[in-house]
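My numbering applies: residue 2 is where the sequence shown begins, and numbers increase by one.
Positions of the beta carbon are idealized from the N, C-alpha and C atoms, including for glycine.
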Amino acid sequence: MKKLNSITLVMLIACIFVLFFTLLDFAALHDIFYDYISQRALDYLHITTSELLPEWTQTIGEWQIVTVGLFLRFIFLILNSILLFFHIKLPKNAIDKA
């Protein structure tokens with residue numbers, strides 16, 4: 002039971018970490034919404050520019066935050082599912098003895 006409590010504590014800390022990355026995702030997506038533009042989008046809209054777009058319009062850092070956040074949430078959900086599975090499958094008398 003002590004091992005299960007340790008794992009539960011680790012998962013709680015991971016949950017807080019993932020919540021933080023969810024807030025970062027929101028901020029990154031908000032920034033992407035207002036700053037992102039690509040040459041492909043401009044070509045689709047038949048808009049030409051006299052010079053190349055600035056580097057910041059690609060919002061590379063924001064896309065990296067979104068990618069890392071998605072990866073962390075995926076890993077967290079898999080680990081959380083495994084923890085819940087073992088918690089459900091653990092016999093009741095094993096919990097009472099611990």
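For residue i, three-class secondary structure by DSSP
i	result
residue 63	helix
residue 39	coil
residue 31	helix
residue 88	helix
residue 52	coil
residue 20	helix
residue 71	helix
residue 46	coil
Beta-carbon contacts of residue i that lie in its chain and below 7 Å, excluding the five residues immediately before and after
i	result
residue 38	54 and 58
residue 76	none
residue 36	57, 58 and 60
residue 50	43
residue 8	84
residue 70	22, 23, 25 and 26
residue 40	54
Member of the options whose CA lies at the smallest distance from the CA of residue i
i	options	result
residue 73	47, 24 and 9	24
residue 22	89, 35, 66 and 80	66
residue 79	12, 62 and 36	12
residue 15	90, 46, 6 and 81	81
residue 64	34, 46 and 88	34
Sequence-distant residues of the same chain with beta carbon closer than 8 Å to residue i, five excluded per side
i	result
residue 30	63 and 67
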